[in-house]
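Start counting the sequence shown at 68; every next residue gets the next number (our numbering). The beta-carbon is built from N, C-alpha and C at its ideal position, and this holds for glycine as well.
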Amino acid sequence: MNDKVVMNDKVVMPLWTMCLFIVVMNTTMFNVSLPTIIQDLQISADLGSWVISSYSIGYALSTVIYSRLSDVVPIRRLLTVGLITLGLASVFGLFAHDFNTLLITRIVQSAGAGAMAGLGFVLASRYVPIERRGAAIAMISAGSAMAFGLGPIFGGVISQYFGWNGLFGITCLVLVVLPVLLRLLPKEQPQPASFDVIGAALTVVNAASLLAAVTTQSLVWLAVGIVSIIVHAWYLKKAKESFINPQLLKMPGYLKLVTIGFCILVLNLGNLFLMPLVLANLFGKSALMIGLFIAPGALLSAFLTRFVGRFIDRYGNLRFLIIGHCILAAVMAAFALNLSVSPVVLLLGYLCFSPAFSATMASLNNEASRVLPRTWIGSGMGLLQLIQFFGGSVSVAVCGLLLHAQRDLAPAKAYEHVYGLLLLVSLCSLGVLLLYRRSYSKSNTGQSIQA
Numbered sequence: 068m069n070d071k072v073v074m075n076d077k078v079v080m081p082l083w084t085m086c087l088f089i090v091v092m093n094t095t096m097f098n099v100s101l102p103t104i105i106q107d108l109q110i111s112a113d114l115g116s117w118v119i120s121s122y123s124i125g126y127a128l129s130t131v132i133y134s135r136l137s138d139v140v141p142i143r144r145l146l147t148v149g150l151i152t153l154g155l156a157s158v159f160g161l162f163a164h165d166f167n168t169l170l171i172t173r174i175v176q177s178a179g180a181g182a183m184a185g186l187g188f189v190l191a192s193r194y195v196p197i198e199r200r201g202a203a204i205a206m207i208s209a210g211s212a213m214a215f216g217l218g219p220i221f222g223g224v225i226s227q228y229f230g231w232n233g234l235f236g237i238t239c240l241v242l243v244v245l246p247v248l249l250r251l252l253p254k255e256q257p258q259p260a261s262f263d264v265i266g267a268a269l270t271v272v273n274a275a276s277l278l279a280a281v282t283t284q285s286l287v288w289l290a291v292g293i294v295s296i297i298v299h300a301w302y303l304k305k306a307k308e309s310f311i312n313p314q315l316l317k318m319p320g321y322l323k324l325v326t327i328g329f330c331i332l333v334l335n336l337g338n339l340f341l342m343p344l345v346l347a348n349l350f351g352k353s354a355l356m357i358g359l360f361i362a363p364g365a366l367l368s369a370f371l372t373r374f375v376g377r378f379i380d381r382y383g384n385l386r387f388l389i390i391g392h393c394i395l396a397a398v399m400a401a402f403a404l405n406l407s408v409s410p411v412v413l414l415l416g417y418l419c420f421s422p423a424f425s426a427t428m429a430s431l432n433n434e435a436s437r438v439l440p441r442t443w444i445g446s447g448m449g450l451l452q453l454i455q456f457f458g459g460s461v462s463v464a465v466c467g468l469l470l471h472a473q474r475d476l477a478p479a480k481a482y483e484h485v486y487g488l489l490l491l492v493s494l495c496s497l498g499v500l501l502l503y504r505r506s507y508s509k510s511n512t513g514q515s516i517q518a
């Protein structure tokens, strides 16, 4: 795209973050309403879980597709398609009264929702000056973190007074914001390039089949996933301009960042899946009270956004990545050891966890935008986000399976064991980060010697 195009990022990025808040909150709002949906539609719990998982799967896949398309299609055009799709599906959802209609609505919603997450980091990387980019990316990350935390509260209140169909009314608001964003976004010129439809289809099959294999524990879906990955690997060797840029897979630093992103989303969505269960099953908290326990951490994360962004721009990404990892690991250790003592442990733990997660994700995404060549930002950031969301989706499924496997144990012990596994994931991620830091230091030393 044209390097001379400018954008008023001080207005656009807060507005973008507000829309992303709505989109991400759409993931967690339905969690607290799922029991009511199952009862109203008279469906099984396994079938009802697809109301959540279908949105997550579609959201992850559409995110990388929008990011990849941003290399050849103007962001304004992609955003228009995405938000109109999301908005109209949400209007349709207001009148959904059977399971098939609800499921189709959620899938179509996810196809449009990926535009906000997929294009947000591309927009910041492309048009926000490097000296303010950390603050802009931190704002986006904090908006997502706050949405994860406040989603259960909004979902509980809206469901109680307006029914679960009322949840779709929140996402209809994107249709109001769209004209304003289109007026403020830079006007780009389409680039002469092709879009790899076959590669995109293979990517969708890869991710969807593996997620289906985990969530349904199906060997058939696992076989489909493995075969599709083999076919995709063969295709990458033959294709000239593939959907997944094969050069990204040869960047050791980038692959380490992708691994870290996967682990961090495993921690975040795993924790957000477990906390409501612990509060409900161990301490008897209602859906609204669960939201109130989660909200302070999310609000603190949002409050600290401007400071985190400034500190990242001033002191660098790696320092905050390490600090964030240490805090996340400490919280996981506290939950694994002292979970059943008091619900206050969860409240205080999430007060530390949410800002640390937000700062870690902001630093990670900013670091990825720094190491990626400008022409690879769309494909690189898209793949990074796909792996992140994939990690989060797998985390929820695996945590649920582990709890089911330990159903004969005391609930407190089962939850502590799962949190122990999340602690191990956080330590593994920290290890990969330290390896990345070591290679980063060596590359900087080599550049200094050459200079």
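- Query: When the Cα atoms are used, what is the spatial distance from L346 to I204?
  - Reply: Each residue's alpha carbon lies about 32 Å from the other.
- Euclidean distance between Cα positions of L367 and R437: 27 Å
- Query: Distance, Cα to Cα, I265 vs P319?
  - Reply: 26 Å
- Which residue from L252, V131, M206 and T326 puts its Cα closest to that of L371? M206
- Which word fits L450, buried or exposed, when buried means at least 16 other C-beta atoms lie within 10 angstroms of its C-beta? buried
- Query: For N93, which three-state DSSP category applies?
  - Reply: helix
- Message: Looking at the secondary structure, which residues open and close the alpha helix (DSSP H) in which C239 lies?
- Response: Careful: C239 lies outside any alpha helix (DSSP H) and carries neither H nor E.
- Same chain, Cβ closer than 6 Å to F387, five either side skipped, listed in chain order: I379, A426 and S430
- Straight-line Cα distance separating L476 from S421: 29 Å
- Pairwise C-alpha distance: A362 and A423: Their Cα atoms are separated by approximately 15 Å.
- Item | Straight-line Cα distance separating N338 from S134 | 27 Å
- Query: In chain order, what residues of the same chain have a beta carbon less than 6 Å from the beta carbon of A435, not counting five sequence neighbours either side?
  - Reply: Around A435: L324 and L451.
- Beta-carbon spacing of E255, P141 below 8 Å: Contact annotation: E255 and P141 have beta-carbon atoms nearer than 8 Å.
- Query: If W117 and L170 are in contact, beta carbons under 8 Å, what's the gap, nearest whole angstrom?
  - Reply: That belief holds up - the Cβ atoms of W117 and L170 are roughly 6 Å apart, short of 8 Å.
- Using only alpha-carbon positions, find the residue among L145, T147 and R199 that is nearest to Y56. The requested residue 56 does not occur in the structure, where the chain is confined to residues 68 to 518.
- Item | N-terminal and C-terminal residue of the alpha helix (DSSP H) that T442 is part of | Boundaries for T442: no alpha helix (DSSP H) harbours it, and the DSSP string shows neither H nor E there.
- Item | Pick from L303, A280, L269 and P313 that is closest to S295, judged by C-alpha positions | L269
- Task: Just the C-alpha distance for T282 and G364, rounded to the nearest angstrom, thanks.
- Result: 29 Å
- Query: Hey, quick one: how far does the alpha helix (DSSP H) through S120 stretch, first residue to last?
  - Reply: Segment W117 to L136, the alpha helix (DSSP H) holding S120.
- Where Y122 and R173 are concerned, what is the direct C-alpha to C-alpha distance, given to the nearest angstrom? 6 Å
- Item | Spatial neighbours of N348 in its chain, beta-carbon cut-off 6 Å, leaving aside the 5 residues before and after | P478
- Start and end of the alpha helix (DSSP H) containing I389? Residue range N384 to N405 is occupied by the alpha helix (DSSP H) that includes I389.
- Query: Would you say the region 454 to 465 touches the region 295 to 313, given that touching needs at least three Cβ pairs under 8 Å?
  - Reply: Judged by Cβ distances under 8 Å, the region 454 to 465 makes no contact with the region 295 to 313, as fewer than three pairs qualify.
- Message: Output needed for L289: all residues of its chain with C-beta closer than 7 Å, excluding positions within five of it in sequence on either side, in chain order.
- Response: A280
- Where the alpha helix (DSSP H) through I171 begins and ends: F166 to Y194
- Item | Assigned secondary structure, I197 (DSSP; H/G/I helix, E/B strand, else coil) | helix
- Of the choices G447, I389 and L406, whose alpha-carbon is the least far from that of C495? I389
- Mind checking which residues open and close the alpha helix (DSSP H) that includes L476? L476 -> no alpha helix (DSSP H), and no H or E assigned at all.
- Message: Given this structure, state the Cα-to-Cα distance separating A481 from L413, to the nearest angstrom.
- Response: 16 Å
- Message: I'd like to know whether the C-beta atoms of A127 and A267 end up nearer to each other than 8 Å.
- Response: no
- Message: For G185 and A209, what's the separation of their Cα atoms in angstroms?
- Response: Here the alpha carbon of G185 sits roughly 16 Å from the alpha carbon of A209.
- Task: Look at A403 and E308 and say whether their C-beta atoms are less than 8 Å apart.
- Result: Going by C-beta atoms, A403 is not nearer than 8 Å to E308.
- Query: Where do the ends of the alpha helix (DSSP H) carrying L341 lie?
  - Reply: Here the alpha helix (DSSP H) through L341 covers P319 to N348.
- What number of angstroms, rounded off, separates the C-alpha of S407 from the C-alpha of M342? 12 Å
- Query: According to DSSP, is K305 helix, strand or coil?
  - Reply: K305: helix per DSSP, three-state reduction.
- Give the straight-line distance between the Cα atoms of F340 and F159, rounded to the nearest whole angstrom. 28 Å
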